[in-house]
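S.K.: Quick note on numbering: the sequence shown equals residues 1 to 330 in full-length UniProt numbering. Glycine is no exception: its CB is placed at the ideal position from the N, C-alpha and C atoms.
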Amino acid sequence: MKSGIPGVQTPTQPWWNRPLLGNQSLLQWLKTVLSFQSKQEIPESTIQLYTNSFGQLKNIAAIARTIDKEKFTSKEFINFLMLNRQFESNAGAYEGLRNSIELLRVALETKESFLKIEATETRYRSFSQQEFYDYVYNLLVKDMEVAQFQEAIQKQLVRVIPKIKSDEGKAAIQSYVNHLETVCKDKLGLKLLYLFKQYDMSNFSLLRTVGEIADSFYDKDLDSLKEFMVVVQVNADIFLKLGQIIQVPQKKNVPETYAITLQYIALRNRHQNSFAQFQQLLGLLRQWENFYNPIIAIAKEYPPSEYKQPDIFKADIPGLEIYNKYQTHL
């Protein structure tokens, strides 16, 4: 339509459909308002539950971010997590090996005390000292609890010290007991000492060699099993002999077993601190999940197409990115 004024066009749209607020016409604005007014109200108690849960997510997410590390997604750490799951469940490559690996781990951690015990029993062999060593072995045979074992050792030490003539001999037997306590601080240590004594005390020297081999991987790449296989095959006789002591199943007493065992122990030693932090993070994410689930349920129950949602319902969920990153580990 043209107006009566030359050069001026009369608007073709009716006034109620012309832009009123930005690009939104009065008609569109009215539809939006009426649509919102026609939506149902969300119960106040539900909004409060959502708000409280959201606040908890925010607090937990803040703590989780301080623990989260780039290392947790590294190839080597992920490999350790996979192997550790197999180890803990006594499955996969580690099926039937958990007890043996734990015994070897304790042996390597306390090898210096084992070697001191062997050296003392070899060097100091008076009648009273030999009697004391026999007493220790008889206690080990009884498969006692740790506290009972340590109490019995201390009582026997009090009885034997006066019978030893030299100060050097007395100091040696006291040192011997100290190393016994280091080795036998748990049931695994007691069992391991019994197994070594049952086979042959000279086998303690195996620990020195195996310990040196384990230490040689301190700063090496631990992802590849090949390096472990090479070292084990060169020292196969030592590992197969050690396997009898730490009760490796007969069908598993092969070089491959000791390669994966050394790899696991090396990975565990390298990542034990990070693993503890990772477990702490997973614990937080499990707590986070407890507050996340109600929020998701509420959002599903009260969709924006049917209900008037407050602004907090539209806010990004705090911590969701960390949760998604580690969800498969929960």
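If you count every other CB in all the chains shown that lies within 10 Å of the CB of residue 218, and 16 or more means buried, which is it?
M.R.: Within the sequence shown, numbered from 1, the residue matching residue 218 stands at position 218. Exposed: under 16 other Cβ atoms inside 10 Å.
S.K.: Could you tell me the distance, in whole angstroms, from the CA atom of residue 270 to the CA atom of residue 212?
M.R.: Along the sequence shown, one-based indexing puts residue 270 at 270. Along the sequence shown, one-based indexing puts residue 212 at 212. C-alpha separation (whole angstroms): 16 Å.
S.K.: Name the two residues that bound the continuous alpha helix (DSSP H) containing residue 45.
M.R.: Translated into the one-based positions of the sequence shown, residue 45 becomes position 45. Where residue 45 is concerned, the enclosing alpha helix (DSSP H) stretches over 44-67.
S.K.: Please report the Cβ distance between residue 262 and residue 214, rounded to the nearest whole angstrom; I am assuming they are in contact, meaning their Cβ atoms lie under 8 Å.
M.R.: Taking the sequence shown and counting its residues from 1, one reaches residue 262 at position 262. Taking the sequence shown and counting its residues from 1, one reaches residue 214 at position 214. 6 Å between Cβ atoms; contact.
S.K.: Going by CA-CA distance only, name the one from 41, 101, 321 and 86 that's closest to residue 248.
M.R.: As a position in the sequence shown, residue 248 is number 248, starting the count at 1. Residue 101 is the option with its Cα nearest to residue 248.
S.K.: Residue 234 to residue 94, Cα distance in whole Å?
M.R.: Position 234 of the sequence shown holds residue 234. Position 94 of the sequence shown holds residue 94. Their Cα atoms are separated by approximately 22 Å.
S.K.: First and last residue of the alpha helix (DSSP H) that includes residue 101?
M.R.: Stepping through the sequence shown from its first residue, residue 101 is reached at position 101. Element bounds for residue 101: 98-109.
S.K.: In the DSSP assignment, find the alpha helix (DSSP H) that holds residue 149 and state where it starts and stops.
M.R.: The count along the sequence shown starts at 1 and reaches residue 149 at position 149. Start and end: 146-160.
S.K.: Applying the 10 Å Cβ sphere with the 16-neighbour rule, what's the burial state of residue 330?
M.R.: Position 330 of the sequence shown, counted from the start, is the residue given in the question as residue 330. Exposed.
S.K.: Any contact between the segment 75-87 and the segment 156-165? By contact I mean 3 or more CB pairs, one from each, below 8 Å.
M.R.: no
S.K.: So what does residue 41 bridge to, in DSSP terms?
M.R.: Counting from 1 along the sequence shown, the entry for residue 41 is found at position 41. Paired residue(s): 308.
S.K.: Inspect the beta-carbon positions of residue 107 and residue 207 and report whether they are closer than 7 Å.
M.R.: Taking the sequence shown and counting its residues from 1, the one referred to as residue 107 is at position 107. Taking the sequence shown and counting its residues from 1, the one referred to as residue 207 is at position 207. Against a cut-off of 7 Å, the Cβ pair of residue 207 and residue 107 comes out as a contact.
S.K.: With respect to the alpha helix (DSSP H) encompassing residue 164, which residues constitute its N-terminal and C-terminal limits?
M.R.: Translated into positions along the sequence shown, residue 164 becomes position 164. Residue 164 -> no alpha helix (DSSP H), and no H or E assigned at all.
S.K.: Between residue 238 and residue 187, what straight-line distance do the alpha-carbon atoms span, to the nearest angstrom?
M.R.: Indexing the sequence shown from 1 puts residue 238 at position 238. Indexing the sequence shown from 1 puts residue 187 at position 187. Spanning the two alpha carbons is a distance of roughly 25 Å.
S.K.: Residue 336 by DSSP, collapsed to three states: which one?
M.R.: Nothing about residue 336 can be reported from this structure: the residues present for the chain run from 1 to 330 only.
S.K.: Contact defined as beta carbons within less than 8 Å: I believe residue 319 pairs with residue 61. What is the distance between those atoms, to the nearest angstrom?
M.R.: Translated into the one-based positions of the sequence shown, residue 319 becomes position 319. Translated into the one-based positions of the sequence shown, residue 61 becomes position 61. So it is a contact: roughly 3 Å between Cβ atoms.
S.K.: Beta carbon of residue 308, beta carbon of residue 41: below 7 Å?
M.R.: Within the sequence shown, numbered from 1, the residue matching residue 308 stands at position 308. Within the sequence shown, numbered from 1, the residue matching residue 41 stands at position 41. In this structure, residue 41 lies closer than 7 Å to residue 308 by Cβ.
S.K.: Alpha carbon to alpha carbon, how far is residue 51 from residue 64?
M.R.: As a first step, residue 51 must be located in the sequence shown, where it is residue number 51. As a first step, residue 64 must be located in the sequence shown, where it is residue number 64. About 20 Å.
S.K.: Please list, in chain order, all residues of the same chain as residue 306 whose beta carbon is under 8 Å from its beta carbon, the five residues on each side excluded.
M.R.: Looking up residue 306 in the sequence shown gives position 306. Excluding residues within five positions, the ones whose Cβ falls inside 8 Å are 39 and 40.
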